[in-house]
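Counted the way the working numbering counts, the sequence shown spans residues -2 to 164.
Comments concern the structure below.
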Amino acid sequence: MSTQTVTSDTLQVVIFSLENATTKKNEEYGIPIEQIKEIRTLDAITRVPNTVSHIKGIVNLRGMIIPVVDVKMMLGFSNETVNTDQTRILVAEVNDSLVGLLVDDVDRVMRLPKENVEPAPRGTIDTNQFVQGIAKTDDNLLVLIDVEKLMSSESSNFKDLKSKTMP
(Lines of atoms letter the chains of each structure in order from A and count residues from 1; the text may use other names and numbers.)
(Lines give C-alpha, C1' and ligand atoms only; values in the text may rest on other atoms or scores of the structure.)
Protein backbone atom coordinates (compact mmCIF):
# COMPACT_ATOMS: atom_id res chain seq x y z
CA MET A 1 0.00 0.00 0.00
CA SER A 2 1.41 3.40 -0.93
CA THR A 3 0.75 6.59 0.96
CA GLN A 4 0.71 10.11 -0.35
CA THR A 5 2.33 12.83 1.63
CA VAL A 6 0.83 16.30 1.47
CA THR A 7 3.56 18.85 1.82
CA SER A 8 3.32 22.51 2.64
CA ASP A 9 4.32 23.15 -0.98
CA THR A 10 0.84 22.16 -2.18
CA LEU A 11 -2.61 23.62 -1.75
CA GLN A 12 -5.59 21.27 -1.75
CA VAL A 13 -8.74 22.86 -3.21
CA VAL A 14 -12.34 21.90 -3.92
CA ILE A 15 -13.00 22.70 -7.58
CA PHE A 16 -16.55 23.78 -8.45
CA SER A 17 -18.14 25.21 -11.54
CA LEU A 18 -20.63 27.98 -12.20
CA GLU A 19 -22.45 28.33 -15.51
CA ASN A 20 -22.07 31.71 -17.15
CA ALA A 21 -25.59 32.47 -18.46
CA THR A 22 -24.20 34.74 -21.17
CA THR A 23 -21.72 32.26 -22.70
CA LYS A 24 -23.46 29.05 -21.54
CA LYS A 25 -20.04 27.78 -20.48
CA ASN A 26 -18.98 26.49 -17.09
CA GLU A 27 -16.31 28.48 -15.31
CA GLU A 28 -14.21 26.76 -12.66
CA TYR A 29 -13.37 28.15 -9.24
CA GLY A 30 -11.65 26.70 -6.21
CA ILE A 31 -11.88 27.00 -2.43
CA PRO A 32 -9.13 25.72 -0.12
CA ILE A 33 -10.34 22.42 1.30
CA GLU A 34 -9.72 23.50 4.89
CA GLN A 35 -12.55 26.06 4.47
CA ILE A 36 -15.06 23.37 3.41
CA LYS A 37 -16.65 21.10 6.01
CA GLU A 38 -18.77 18.99 3.65
CA ILE A 39 -20.37 18.79 0.22
CA ARG A 40 -24.12 18.16 0.11
CA THR A 41 -26.74 17.55 -2.51
CA LEU A 42 -29.33 20.28 -2.84
CA ASP A 43 -31.92 20.19 -0.05
CA ALA A 44 -35.14 22.14 0.12
CA ILE A 45 -34.23 25.75 0.83
CA THR A 46 -36.62 27.80 2.96
CA ARG A 47 -36.76 31.43 1.88
CA VAL A 48 -36.21 34.10 4.56
CA PRO A 49 -38.16 37.35 4.03
CA ASN A 50 -36.36 40.70 3.65
CA THR A 51 -32.97 39.33 2.63
CA VAL A 52 -30.88 40.29 -0.37
CA SER A 53 -31.37 38.21 -3.50
CA HIS A 54 -28.11 36.24 -3.27
CA ILE A 55 -29.14 34.82 0.12
CA LYS A 56 -31.37 31.99 -1.04
CA GLY A 57 -32.66 31.05 2.40
CA ILE A 58 -31.92 28.48 5.06
CA VAL A 59 -31.59 24.69 5.31
CA ASN A 60 -31.69 22.22 8.18
CA LEU A 61 -28.32 20.52 8.53
CA ARG A 62 -28.67 17.75 11.12
CA GLY A 63 -30.68 20.00 13.41
CA MET A 64 -28.69 23.18 12.74
CA ILE A 65 -30.22 25.96 10.67
CA ILE A 66 -27.69 27.38 8.21
CA PRO A 67 -28.03 30.15 5.61
CA VAL A 68 -27.50 29.33 1.92
CA VAL A 69 -25.80 31.86 -0.32
CA ASP A 70 -25.84 31.76 -4.13
CA VAL A 71 -22.15 32.02 -5.05
CA LYS A 72 -22.97 32.94 -8.66
CA MET A 73 -24.85 36.01 -7.55
CA MET A 74 -22.16 36.93 -5.01
CA LEU A 75 -19.61 36.90 -7.83
CA GLY A 76 -21.78 39.08 -10.07
CA PHE A 77 -23.18 36.44 -12.43
CA SER A 78 -26.73 36.61 -13.72
CA ASN A 79 -29.40 36.39 -11.05
CA GLU A 80 -30.96 33.47 -12.91
CA THR A 81 -30.14 30.33 -10.95
CA VAL A 82 -31.10 26.96 -12.40
CA ASN A 83 -30.88 24.04 -10.00
CA THR A 84 -30.06 20.64 -11.51
CA ASP A 85 -29.12 17.19 -10.25
CA GLN A 86 -25.52 18.46 -10.20
CA THR A 87 -26.24 21.50 -7.98
CA ARG A 88 -24.42 21.23 -4.66
CA ILE A 89 -24.15 23.03 -1.36
CA LEU A 90 -20.63 23.47 -0.03
CA VAL A 91 -20.85 23.79 3.75
CA ALA A 92 -18.18 26.16 5.04
CA GLU A 93 -17.31 27.46 8.49
CA VAL A 94 -17.09 31.24 8.61
CA ASN A 95 -16.34 32.99 11.91
CA ASP A 96 -17.54 30.00 13.98
CA SER A 97 -20.80 29.70 12.00
CA LEU A 98 -21.76 27.38 9.17
CA VAL A 99 -22.93 28.70 5.81
CA GLY A 100 -24.05 26.86 2.68
CA LEU A 101 -22.58 27.93 -0.65
CA LEU A 102 -24.82 27.10 -3.60
CA VAL A 103 -22.80 26.09 -6.69
CA ASP A 104 -23.74 24.50 -10.02
CA ASP A 105 -21.44 21.48 -9.72
CA VAL A 106 -18.52 20.16 -7.69
CA ASP A 107 -15.97 18.71 -10.06
CA ARG A 108 -13.13 17.37 -7.93
CA VAL A 109 -10.61 17.93 -5.17
CA MET A 110 -7.20 18.86 -6.51
CA ARG A 111 -3.69 19.45 -5.19
CA LEU A 112 -2.01 22.51 -6.66
CA PRO A 113 1.66 23.38 -6.26
CA LYS A 114 1.79 26.71 -4.40
CA GLU A 115 4.27 27.94 -7.00
CA ASN A 116 1.41 27.80 -9.56
CA VAL A 117 -0.72 30.27 -7.56
CA GLU A 118 -0.31 33.97 -8.17
CA PRO A 119 -2.06 36.97 -6.62
CA ALA A 120 -5.03 38.42 -8.51
CA PRO A 121 -4.01 41.26 -10.81
CA ARG A 122 -4.55 44.57 -8.99
CA GLY A 123 -7.06 46.99 -10.45
CA THR A 124 -8.45 44.55 -13.01
CA ILE A 125 -10.62 42.34 -10.84
CA ASP A 126 -13.25 44.16 -8.76
CA THR A 127 -13.77 41.14 -6.53
CA ASN A 128 -10.12 40.75 -5.61
CA GLN A 129 -10.90 41.44 -1.96
CA PHE A 130 -12.06 37.81 -1.79
CA VAL A 131 -9.98 36.33 -4.61
CA GLN A 132 -7.19 34.47 -2.82
CA GLY A 133 -5.22 33.94 -6.00
CA ILE A 134 -5.17 32.65 -9.55
CA ALA A 135 -3.89 29.11 -10.08
CA LYS A 136 -2.39 27.92 -13.33
CA THR A 137 -3.49 24.36 -14.12
CA ASP A 138 -2.84 22.19 -17.15
CA ASP A 139 -6.25 23.08 -18.59
CA ASN A 140 -6.80 26.74 -17.69
CA LEU A 141 -6.70 29.43 -15.01
CA LEU A 142 -8.55 28.77 -11.78
CA VAL A 143 -9.82 31.57 -9.53
CA LEU A 144 -9.32 30.70 -5.85
CA ILE A 145 -11.95 32.14 -3.51
CA ASP A 146 -11.42 32.88 0.20
CA VAL A 147 -14.82 32.07 1.75
CA GLU A 148 -14.25 34.10 4.91
CA LYS A 149 -13.47 37.22 2.90
CA LEU A 150 -16.38 36.55 0.53
CA MET A 151 -18.82 36.28 3.41
CA SER A 152 -17.39 39.28 5.25
CA SER A 153 -17.63 41.52 2.18
CA GLU A 154 -20.10 44.36 2.62
CA SER A 155 -22.36 42.99 -0.10
CA SER A 156 -22.85 39.58 1.52
CA ASN A 157 -25.27 40.57 4.33
CA PHE A 158 -24.22 37.30 5.99
CA LYS A 159 -23.91 39.01 9.37
CA ASP A 160 -27.51 40.24 9.13
CA LEU A 161 -28.90 36.83 8.15
CA LYS A 162 -26.79 35.10 10.81
CA SER A 163 -28.36 37.24 13.52
CA LYS A 164 -31.88 36.47 12.18
CA THR A 165 -31.44 32.71 11.87
CA MET A 166 -28.83 31.66 14.43
CA PRO A 167 -29.24 31.60 18.21
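Virtual Cβ for every residue (Gly too), placed ideally from N, Cα, C.
When secondary structure is reduced to three states using DSSP, Ser5 falls in the coil class, being assigned neither helix nor strand. Taking C-beta separations shorter than 8 angstroms and ignoring five residues to either side along the sequence, the partners of Val128 in its chain run Ala117, Ile122, Val140, Leu141, Ile142 and Asp143, following chain order. In this structure, DSSP gives Ser149 a helical state, which the three-state scheme calls helix.
Distance between Ile30 and Thr20, taken at the CA atoms: about 28 angstroms. When C-alpha distances from Leu99 are compared across Ala132, Thr7, Glu35 and Ser5, the shortest belongs to Glu35. In this model, Ile55 and Arg119 are separated by some 35 angstroms (Cα to Cα). In terms of CA proximity to Asn23, Thr84 leads the group Glu115, Lys133, Thr84 and Val10. The three-state reading of DSSP puts Ile42 in coil, since its state is none of H, G, I, E or B.
Of all alpha-carbon atoms in Ser14, Arg37, Leu138 and Leu8, the one lying nearest the alpha-carbon of Leu87 is that of Arg37.
Residue range Val128 to Lys133 is occupied by the beta strand (DSSP E) that includes Lys133.
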